[in-house]
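Engineer:
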Amino acid sequence: MNRCFWFIRPSSLFAFASLSIALIGQLGAQHLVKHEKPQPRGGASSAYEPNRYQILNINNLWTWATYDGQTKGFGTYFPRGTTWTTYVYGFIFGSKAFVDSNKTQPAPYGQHIRVGGSNYSSGLRQGWVIGRGANAVPLDPSLDPRARIYRIRRDWRTAFRDFNGNFTEELRRDAAESYEIKITEVNQQHMQAVFDRYEKDWKEWLPGRGAPFIDRNKNGKYDAPPPFSDTFTHEDLIPGNYDEPGIALGNVNRPADQVIWTVCNDLHRITSVGRFGSEPTGLEIQITLWGYQSDAALGSVFFRRVRFINKGGVEVVYSGARGAFWLDSMYVGQWVDPDLGDNRDDLVGCDTTLDLGYVYNANAIDLEYQKFNMPPPAAGFSLLQGPVIPASNNTGYFDLSLRAGYENLHMTSFTFTNFSSTSRYTDPNGGYYTNALFWYKMLRGFAPLEGPDQRFAHPPEVEAGPFPLAGDPITGAGHIDGLGTDYSYAPGDRRFMISSGPFNMAPQDTQEIVVAYVAGLGADRLSSIASMKTIAQQLQASYPDIEDFSTGVAQREATPSPPEHFSLLQNHPNPFAGVTRIAFSVRQAGETQLAIYDMLGRELRRIVAGRVEPGLHHAVWDGHDQHGRALPSGIYFCRLFVGGEVKARKLVLVR
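Here you go:
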């Protein structure tokens, strides 16, 4: 589906090598079997392993992350303190690899297509890549203690000690969740260890290796703030214009309240082949998770940025010489095994207007959530910022800032698999051909089946495409899951992946994606979907200027409503002085017009005019009319015309 983004490298040696790789792939690739529900890693007497695992637990959900880019199976829980919505999630990338810039000499060992990432286990190892191209080598993590996972919380010193210097209940809860023990089992040693770790990670943050930081003084480098003390706390960082570890969306004075960061790479051949049957691609991968402390809708969200750097250090010819590949037709996917409470009654779907893949419950009652006297929630991943591709007249986002001459790709496919002996669509597994190549099919929106590319089965009235299960579960319209047919399996254990591509990466290029995990809880299973989608819509409309927003109604009061044919969201910011973003969505392709009018109804500027594809779109207005003249301060109206219908929003321009 096309989307509009209106924003503004001797034959005998070859045979032997190919056979060797195939055997390694068949023997080394781990068999993907469904594990039991995640069990606590620890206990009251177990070791705390913050070098390897960390938990994001700042708001109404918690999720685990590891130093090698995966989540193992420790789960994502929502609401915090109840039960799981996700068993494990990871990311997968795939591309065609070439030795030369003209892309005429494919990667060696019979593996033109390279795939990597993580799912139930990781094809990556912790640590950064030293050097570039032929000189690039992966850090040996056993030689550098900095090759670990980091977790910071900017208020750790004041939130975890009271005025008398005693540890707080908030720290006790964090320690219970970090150790995975009962809160009554937490002792002073547990709390001290967690407290000390926050301090260590804050002080040893690694901006020089890619860890994000807030460049408040705007000098392009990290200047560590003064150490915290009784007279200098996190509350002094913003007024003093100090840099700080962490990340901020839009407003540098609205930093994330908790951040997790790690760096890993796919250069370790045994690890890469063992996971996906694929030789390495040569990527360094930096992963950031963050969340905001909020009782409103933002408290049901965490964010995840995955940054890919094409460092090289891989074999580019059969002689063993190393270098970096030219990557073509590359895709990235956010993969998830979403066990929503009891995984035997799960259903999945996607919403192309929100770049969203999600899980919801088939039944009114979920056996796990019933233990908490709660209806089942709904949860999923929404792609907020896709990879950038050149676009001469557009503007895209990269590194949380605008980049002229680019645009961001949207979700370009949704795929799913079932954990069932009767399903045609099962997890890719085994060696290169049924593992890496099947994943590459899925990344491009095709089913993981042998032979020519095939789309997923679909109802007779729905055209086959890259977005199966894109119907509306609330109304029952379109292609939905759970009907017990060959195109809509009976409820059960599911996995899904939202993907974006294609794009290219030259040696040393960097790409990144940003996704949001969004959870919604309504009065019942369907209103939970509505709640989740409401939050996702607000995130899409405001990104990257994320603010602490509210859904407008309590989540448990959310009720399902029929989908609109099209929608026009409120511009942001509003009022505005320079430029403002306008987001709108259409459910069907068609002629669309977006224009600015004055109070007298006169058209001043036509921003969008022409055929628009289904999905969420963005436009910008700079406060000028169609002749380029700056308009005065005042009230203006943005009107969206679709299929003979119109919607309007009020805009306030302040000079």
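Here the working numbering is used: position 465 in the sequence shown is 478, and no number is missing along the way. Backbone N, C-alpha and C fix where the C-beta goes; we use that ideal spot for every residue, glycine too.
Which of the three DSSP states, helix, strand or coil, is assigned to Ser540?
Structural biologist: By one-based count along the sequence shown, residue 540 stands at place 527. In this structure, Ser540 counts as helix in the three-state DSSP scheme.
Engineer: Which first and last residues belong to the alpha helix (DSSP H) in which Ala172 is found?
Structural biologist: On the sequence shown, position 159 is the one that residue 172 refers to. Per DSSP, Ala172 belongs to the alpha helix (DSSP H) from Trp169 to Ala172.
Engineer: If you draw a straight line from the alpha carbon of Leu482 to that of Cys363, how long is it in whole angstroms?
Structural biologist: Translated into positions along the sequence shown, residue 482 becomes position 469. Translated into positions along the sequence shown, residue 363 becomes position 350. If I take the Cα positions, the gap works out to 6 angstroms.
Engineer: For Ile283, name the three-state secondary structure that DSSP assigns.
Structural biologist: Locating residue 283 in the sequence shown gives position 270, where the first residue counts as 1. Residue state, collapsed to three classes: helix.
Engineer: Here's the rule: buried if 16 or more other CB atoms are within 10 angstroms of the residue's CB, otherwise exposed. What is Asn254?
Structural biologist: Your numbering for residue 254 matches position 241 in the sequence shown. Under this definition Asn254 is an exposed residue.
Engineer: Just reading off the beta strand (DSSP E) that Lys663 is part of, what are its end residues?
Structural biologist: Here the question's residue 663 lines up with position 650 in the sequence shown. Unbroken beta strand (DSSP E) run through Lys663: Glu658 to Leu666.
Engineer: In this structure, how does DSSP classify Thr84 when only helix, strand and coil are distinguished?
Structural biologist: What you label residue 84 is simply residue 71 of the sequence shown in a count that begins at 1. Reduced to three states, the DSSP call for Thr84 is coil.
Engineer: Can you tell me whether DSSP reads Thr408 as helix, strand or coil?
Structural biologist: Taking the first residue of the sequence shown as position 1, residue 408 is located at position 395. Residue state, collapsed to three classes: strand.
Engineer: In the DSSP assignment, the beta strand (DSSP E) including Ala632 goes from what residue to what residue?
Structural biologist: Counting from 1 along the sequence shown, the entry for residue 632 is found at position 619. Its beta strand (DSSP E) spans residues Gly628 to Trp634.
Engineer: Could you check whether the region 519-527 touches the region 335-349, counting it as contact only if at least three pairs of C-beta atoms, one from each stretch, sit closer than 8 angstroms?
Structural biologist: Result yes; three or more Cβ-Cβ pairs closer than 8 angstroms.
Engineer: Quickly, what does DSSP pair Glu257 with across the bridge? List them, please.
Structural biologist: Stepping through the sequence shown from its first residue, residue 257 is reached at position 244. Note: Glu257 sits in a beta bridge opposite Ile227.
Engineer: Give the secondary structure of Leu552 by DSSP, where H, G and I count as helix, E and B as strand, and everything else as coil.
Structural biologist: Looking up residue 552 in the sequence shown gives position 539. If DSSP states are grouped into helix, strand and coil, Leu552 belongs with the helices.
Engineer: Consult DSSP for Trp4 and reduce its assignment to one of helix, strand or coil.
Structural biologist: The structure shown does not extend to residue 4, since the chain is modelled only from 14 through 668, so no value can be given for it.
Engineer: Pull the bridge partners of Met518 from the DSSP assignment, please.
Structural biologist: Against the sequence shown, residue 518 aligns to sequence position 505. In the DSSP output, where bridge partners are listed per residue, Met518 has Leu340.
Engineer: Look at the Cβ atom of Met204, then the Cβ atom of Leu219, and state whether they are nearer than 9 angstroms.
Structural biologist: Counting from 1 along the sequence shown, the entry for residue 204 is found at position 191. Counting from 1 along the sequence shown, the entry for residue 219 is found at position 206. Result no, Cβ atoms of Met204 and Leu219 do not sit closer than 9 angstroms.
Engineer: Straight-line CA distance for Tyr453 to Gly178?
Structural biologist: Your numbering for residue 453 matches position 440 in the sequence shown. Your numbering for residue 178 matches position 165 in the sequence shown. One C-alpha to the other measures close to 54 angstroms.
Engineer: Measuring alpha carbon to alpha carbon, tell me which of Ile648, Phe650, His578 and Asp270 ends up nearest Glu658.
Structural biologist: Here residue 658 refers to the residue found at position 645 of the sequence shown. Ranking Ile648, Phe650, His578 and Asp270 by Cα distance to Glu658 puts His578 first.
Engineer: Under 8 angstroms by Cβ, that's how I've got Leu369 and Ser395 pegged, so tell me the actual separation to the nearest angstrom.
Structural biologist: For the purposes of this step, residue 369 is taken as the residue at position 356 of the sequence shown. For the purposes of this step, residue 395 is taken as the residue at position 382 of the sequence shown. With a Cβ gap of about 4 angstroms, Leu369 and Ser395 count as contacting.
Engineer: Starting from Pro268, follow its DSSP beta bridges and name the residues at the other end.
Structural biologist: Sequence index remark: in the sequence shown, residue 268 carries index 255 (1-based). BP columns for Pro268 point to Ala261.
Engineer: Nearest by alpha-carbon distance to Ser541: which of Leu413, Pro389, Thr96 and Thr523 is it?
Structural biologist: What you label residue 541 is simply residue 528 of the sequence shown in a count that begins at 1. The option with the nearest alpha carbon to Ser541 is Pro389.
Engineer: Assign His247 to one of three DSSP states: helix, strand, or coil.
Structural biologist: The residue given as residue 247 occupies position 234 in the sequence shown. Correct three-state label for His247: helix.
Engineer: Could you pull the DSSP bridge partners for Met545 from this structure?
Structural biologist: Along the sequence shown, read from residue 1 onward, the residue named residue 545 stands at position 532. Beta-bridge pairing links Met545 to no other residue.
Engineer: Is there contact between the region 410-420 and the region 240-255, where contact requires at least three CB pairs shorter than 8 angstroms?
Structural biologist: Taking 8 angstroms as the limit for Cβ pairs, the verdict is that the region 240-255 does not touch the region 410-420.
Engineer: Kindly indicate which residue of Asn230, Val286 and His281 has the alpha-carbon position closest to the one of Arg265.
Structural biologist: On the sequence shown, residue 265 is found 252 positions in, with the first residue counted as 1. Sequence inspection shows Val at residue 265; the Arg mentioned does not correspond to that position. Checked all of Asn230, Val286 and His281; the closest Cα to Val265 is Asn230.
Engineer: Return the CA-CA distance between Leu397 and Tyr556, expressed in angstroms with no decimal places.
Structural biologist: Along the sequence shown, read from residue 1 onward, the residue named residue 397 stands at position 384. Along the sequence shown, read from residue 1 onward, the residue named residue 556 stands at position 543. Cα to Cα, Leu397 sits roughly 7 angstroms from Tyr556.
Engineer: Measure from the alpha carbon of Phe451 to the alpha carbon of each residue in Ser433, Ala470, Thr435 and Phe429, then state which is nearest.
Structural biologist: As a position in the sequence shown, residue 451 is number 438, starting the count at 1. When each option's Cα is compared against that of Phe451, the closest is Phe429.
Engineer: Can we say the region 421-440 touches the region 499-509, given the rule of at least three CB pairs closer than 8 angstroms?
Structural biologist: The region 421-440, when compared against the region 499-509, does touch it at the 8 angstroms Cβ threshold.
Engineer: Quick one, which of Phe650, Leu311, Phe432 and Gly484 has its alpha-carbon nearest Ser544's?
Structural biologist: As a working mapping, residue 544 is identified with position 531 in the sequence shown. The shortest Cα separation from Ser544 among Phe650, Leu311, Phe432 and Gly484 belongs to Leu311.
Engineer: Report back the beta-carbon spacing between Phe385 and Thr76 to the nearest angstrom; my notes put them in contact at under 8 angstroms.
Structural biologist: The residue labelled residue 385 in the question sits at position 372 within the sequence shown. The residue labelled residue 76 in the question sits at position 63 within the sequence shown. That pair is no contact at about 18 angstroms.
Engineer: What is the DSSP secondary structure of Asn431, reduced to helix, strand or coil?
Structural biologist: Along the sequence shown, one-based indexing puts residue 431 at 418. Three-state result, Asn431: strand.
Engineer: With a threshold of 16 other CB atoms inside 10 Å of the CB of Ser242, please say whether the residue is buried or exposed.
Structural biologist: For the purposes of this step, residue 242 is identified with residue 229 of the sequence shown, where counting begins at 1. Classification for Ser242: exposed.
Engineer: Apart from the five residues just before and just after Pro479, which ones in its own chain have a Cβ nearer than 6 angstroms to its Cβ?
Structural biologist: As a first step, residue 479 must be located in the sequence shown, where it is residue number 466. Ser426 and Gly458, listed in sequence order.
Engineer: Which one of Pro588, Val625, Gln347 and Arg93 has the shortest CA to CA distance from Gly107?
Structural biologist: The count along the sequence shown starts at 1 and reaches residue 107 at position 94. The candidate whose alpha carbon is nearest that of Gly107 is Gln347.
Engineer: Beta-carbon within less than 8 angstroms of Arg642's beta-carbon, same chain only, minus the 5 sequence neighbours each way: which residues are those?
Structural biologist: As a working mapping, residue 642 is identified with position 629 in the sequence shown. Excluding sequence neighbours, Arg642 sits near nothing in its chain.
Engineer: Keeping to the same chain, check which residues put their C-beta closer than 6 angstroms to that of Ile71; ignore five residues upstream and five downstream.
Structural biologist: Working through the sequence shown from its first residue, we reach residue 71 at position 58. So the list reads Asp270, Gln271, Gly304 and Gln306, once near-sequence residues are dropped.
Engineer: Could you tell me which of Asp256, Lys324, Val128 and Leu353 sits nearest to Tyr4, measuring between CA atoms?
Structural biologist: The chain is shown only over 14 to 668; residue 4 falls outside these bounds and no answer can be derived.
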